[in-house]
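4 protein chains.
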Amino acid sequence: MSVLHKKVISNELAEKMIMKAKEKAEELNIAVNIAIVDNGGHLVAFSRMDDAPILSIDISQNKAYTAIAFGIPTHEWYPLIDKSPALKTGIVHTSRLVVFGGGYPIKLDGQVIGGIGVSGGSEEEDRLCCEAALKVLNHVLQK
Amino acid sequence: MSVLHKKVISNELAEKMIMKAKEKAEELNIAVNIAIVDNGGHLVAFSRMDDAPILSIDISQNKAYTAIAFGIPTHEWYPLIDKSPALKTGIVHTSRLVVFGGGYPIKLDGQVIGGIGVSGGSEEEDRLCCEAALKVLNHVLQK
Amino acid sequence: MSVLHKKVISNELAEKMIMKAKEKAEELNIAVNIAIVDNGGHLVAFSRMDDAPILSIDISQNKAYTAIAFGIPTHEWYPLIDKSPALKTGIVHTSRLVVFGGGYPIKLDGQVIGGIGVSGGSEEEDRLCCEAALKVLNHVLQK
Amino acid sequence: MSVLHKKVISNELAEKMIMKAKEKAEELNIAVNIAIVDNGGHLVAFSRMDDAPILSIDISQNKAYTAIAFGIPTHEWYPLIDKSPALKTGIVHTSRLVVFGGGYPIKLDGQVIGGIGVSGGSEEEDRLCCEAALKVLNHVLQK
Numbered sequence: 002m003s004v005l006h007k008k009v010i011s012n013e014l015a016e017k018m019i020m021k022a023k024e025k026a027e028e029l030n031i032a033v034n035i036a037i038v039d040n041g042g043h044l045v046a047f048s049r050m051d052d053a054p055i056l057s058i059d060i061s062q063n064k065a066y067t068a069i070a071f072g073i074p075t076h077e078w079y080p081l082i083d084k085s086p087a088l089k090t091g092i093v094h095t096s097r098l099v100v101f102g103g104g105y106p107i108k109l110d111g112q113v114i115g116g117i118g119v120s121g122g123s124e125e126e127d128r129l130c131c132e133a134a135l136k137v138l139n140h141v142l143q144k
Numbered sequence: 002m003s004v005l006h007k008k009v010i011s012n013e014l015a016e017k018m019i020m021k022a023k024e025k026a027e028e029l030n031i032a033v034n035i036a037i038v039d040n041g042g043h044l045v046a047f048s049r050m051d052d053a054p055i056l057s058i059d060i061s062q063n064k065a066y067t068a069i070a071f072g073i074p075t076h077e078w079y080p081l082i083d084k085s086p087a088l089k090t091g092i093v094h095t096s097r098l099v100v101f102g103g104g105y106p107i108k109l110d111g112q113v114i115g116g117i118g119v120s121g122g123s124e125e126e127d128r129l130c131c132e133a134a135l136k137v138l139n140h141v142l143q144k
Numbered sequence: 002m003s004v005l006h007k008k009v010i011s012n013e014l015a016e017k018m019i020m021k022a023k024e025k026a027e028e029l030n031i032a033v034n035i036a037i038v039d040n041g042g043h044l045v046a047f048s049r050m051d052d053a054p055i056l057s058i059d060i061s062q063n064k065a066y067t068a069i070a071f072g073i074p075t076h077e078w079y080p081l082i083d084k085s086p087a088l089k090t091g092i093v094h095t096s097r098l099v100v101f102g103g104g105y106p107i108k109l110d111g112q113v114i115g116g117i118g119v120s121g122g123s124e125e126e127d128r129l130c131c132e133a134a135l136k137v138l139n140h141v142l143q144k
Numbered sequence: 002m003s004v005l006h007k008k009v010i011s012n013e014l015a016e017k018m019i020m021k022a023k024e025k026a027e028e029l030n031i032a033v034n035i036a037i038v039d040n041g042g043h044l045v046a047f048s049r050m051d052d053a054p055i056l057s058i059d060i061s062q063n064k065a066y067t068a069i070a071f072g073i074p075t076h077e078w079y080p081l082i083d084k085s086p087a088l089k090t091g092i093v094h095t096s097r098l099v100v101f102g103g104g105y106p107i108k109l110d111g112q113v114i115g116g117i118g119v120s121g122g123s124e125e126e127d128r129l130c131c132e133a134a135l136k137v138l139n140h141v142l143q144k
């Protein structure tokens with residue numbers, strides 16, 4: 002009777018990623034919300050930079066959730082549904098689903114170990130913050 | 002004073018249909034969520050295959066619900082609302098309504114006895130899994 | 002592969018029961034809300050008498066739902082949970098559960114075919130209205 | 002940078018546990034709802050036996066959720082909160098928290114790999130069904 006073996010993001014790793022996302026946001030001169038969830042979509046760490054929009058607190062968390070809940074970055078959703086009018090009209094009503102950029106699954110050895118969501122800047126800026134944070138993974142992989 | 006007589010899916014039949022949907026999913030090399038509801042839309046059986054997307058747990062159940070709640074497969078909804086801009090804009094906000102493929106009413110002798118919803122693959126793949134499960138009905142009808 | 006056979010309340014029978022509940026309410030000089038649901042808990046008929054309290058619209062429907070969802074009259078819930086402090090503290094938070102009188106399963110040949118809920122009078126009065134309506138069943142049984 | 006390593010219940014193991022819970026319910030002559038969730042509280046498998054109460058569909062799932070969400074069986078909650086009037090009054094409003102028996106964490110090597118919830122019988126009966134299902138774990142441990 003098989004049991005699945007999963008790697009899951011630790012609090013230490015999550016905090017490190019948030020730090021890196023913040024550094025990128027400061028470099029871009031923006032204030033954002035950053036959320037990290039585990040592979041079950043539950044919040045591990047969160048940080049709202051001074052003056053980051055309140056509206057984006059939930060969006061950042063929903064982006065991280067969406068990323069782990071389907072295993073792809075949120076910016077890949079729109080091209081996917083754009084081909085099917087039915088999906089485009091319907092699936093956007095799914096609770097917590099975000100179909101625009103700024104959410105990424107955090108992967109290690111091909112496995113989703115968590116998710117990151119950034120919200121508060123432009124879609125482009127939010128993605129840059131996520132990508133900066135994801136580079137922390139390289140250090141984990143090298144060990 | 003008339004009373005209505007309804008046939009309703011049994012737990013045994015629901016479990017058998019889930020098994021068949023899983024077999025099809027394995028054949029297609031995908032991992033999906035499968036939900037079976039009774040004619041009142043209440044969950045009878047559910048199974049999430051290993052690594053099937055979490056996002057699709059609710060979608061599969063909502064597809065099954067939509068199927069019994071209106072008596073048509075979910076992929077028939079979009080062509081229906083596409084003709085009316087008002088419907089297309091408005092009715093998609095209906096709670097639990099899914100307007101894309103992967104949900105089918107389970108019918109016996111022309112009566113809706115339950116519903117099946119599959120989610121996790123492409124729309125096409127989800128439908129194939131449902132259709133494989135629905136073939137179990139033929140055995141019921143032959144008896 | 003078994004299929005279940007269920008009797009379900011018809012619209013005609015539901016309307017007849019509402020008429021009887023109203024007659025009883027008029028006799029008691031009260032104004033109530035009366036809800037009839039099918040065996041899946043879905044509303045079949047509803048009537049709010051002039052000046053019946055708005056607060057009781059949902060309560061009447063929840064009473065009818067509770068009755069079919071567990072198969073016992075709502076006034077039997079409190080004696081049941083009163084013996085167990087854990088149940089008494091916890092189960093009352095269940096969505097739509099009503100643990101006071103005024104909801105009854107509608108049974109035919111031992112099967113739950115629907116539910117009735119009345120709200121707007123005292124617990125005692127609500128129950129009397131339900132019981133007056135349930136007498137309609139005798140006519141159905143005699144046929 | 003540490004990553005956590007988690008064992009998680011598989012679909013195969015979940016289905017096996019549901020089968021065992023059903024066998025126990027049949028032995029007890031009751032009809033119940035059985036829900037198995039993974040360590041993130043997401044549904045893996047569910048089965049409602051014929052004529053099991055609809056009210057208990059959500060309760061069984063919430064019991065399984067509560068079990069993984071705090072790591073203790075649901076029947077241990079009431080003695081815990083009974084000592085503190087504030088907790089007893091307040092914490093029961095927590096979304097999805099069940100403070101009565103019938104939910105257990107599924108543990109392997111001291112780790113919570115999922116949760117089981119049974120609802121539809123008495124608290125005692127629901128617990129017996131869970132415990133029968135949990136015996137499947139012994140086979141996993143022996144391998």
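Chains as they are written, first to last, in the numbering used here: chain A, 2 to 144; chain B, 2 to 144; chain C, 2 to 144; chain D, 2 to 144.
For every residue, glycine included, the Cβ atom is placed at its ideal position computed from N, Cα and C.
So, are the CB atoms of residue i and residue j less than 8 Å apart?
i, j, result
"I69 (chain D)", "G122 (chain D)", "no"
"Y105 (chain D)", "P74 (chain D)", "yes"
"I107 (chain A)", "L138 (chain A)", "yes"
"I10 (chain C)", "V9 (chain B)", "no"
How big is the Cα-Cα spacing for residue i and residue j?
i, j, result
"E24 (chain C)", "P80 (chain D)", "48 Å"
"T67 (chain B)", "S85 (chain D)", "44 Å"
"M18 (chain D)", "V45 (chain B)", "16 Å"
"V33 (chain A)", "A36 (chain D)", "39 Å"
"E77 (chain D)", "N40 (chain B)", "37 Å"
"V38 (chain D)", "H94 (chain D)", "22 Å"
"L88 (chain C)", "Q112 (chain D)", "28 Å"
"H140 (chain D)", "T90 (chain C)", "37 Å"
"I117 (chain B)", "E124 (chain B)", "14 Å"
"E27 (chain B)", "A15 (chain B)", "19 Å"
"I92 (chain D)", "I92 (chain C)", "13 Å"
Going by CA-CA distance only, name the one from the options that's closest to residue i.
i, options, result
"L29 (chain B)", "B:K136, B:V137, B:D127", "B:D127"
"C131 (chain A)", "A:I92, A:H43, A:S3, A:K64", "A:K64"
"I31 (chain B)", "B:K136, B:H43, B:V119, B:H140", "B:V119"
"I60 (chain A)", "A:H140, A:G103, A:L88", "A:G103"
"K136 (chain C)", "C:L109, C:W78, C:E124", "C:L109"
"H43 (chain B)", "D:A22, D:K89, D:D52", "D:D52"
"Q62 (chain B)", "B:R97, B:A134, B:A26, B:G111", "B:R97"
Keeping to the same chain, check which residues put their C-beta closer than 6 Å to that of residue i; ignore five residues upstream and five downstream.
i, result
"E13 (chain A)", "none"
My assumption, with CB atoms under 8 Å, is that residue i sits in contact with residue j. Please give the rounded CB distance.
i, j, result
"V99 (chain A)", "I82 (chain A)", "With 8 Å as the limit, V99 (chain A) and I82 (chain A) do not qualify as a contact, their Cβ atoms being about 12 Å apart."
"K7 (chain D)", "A133 (chain D)", "Not really, about 25 Å apart at Cβ, beyond 8 Å."
"F47 (chain C)", "L56 (chain D)", "Going by Cβ atoms, the distance from F47 (chain C) to L56 (chain D) rounds to 21 Å, so no, they are not a contact pair."
Whose C-beta lies closer than 7 Å to the C-beta of residue i among residues of the same chain, with five residues either side of it excluded?
i, result
"R49 (chain D)", "N34, I58"
Residue i: beta carbon under 7 Å from a heavy atom of the ligand GTP?
i, result
"A70 (chain C)", "Although the ligand GTP was asked about, the structure shown includes no ligands whatsoever."
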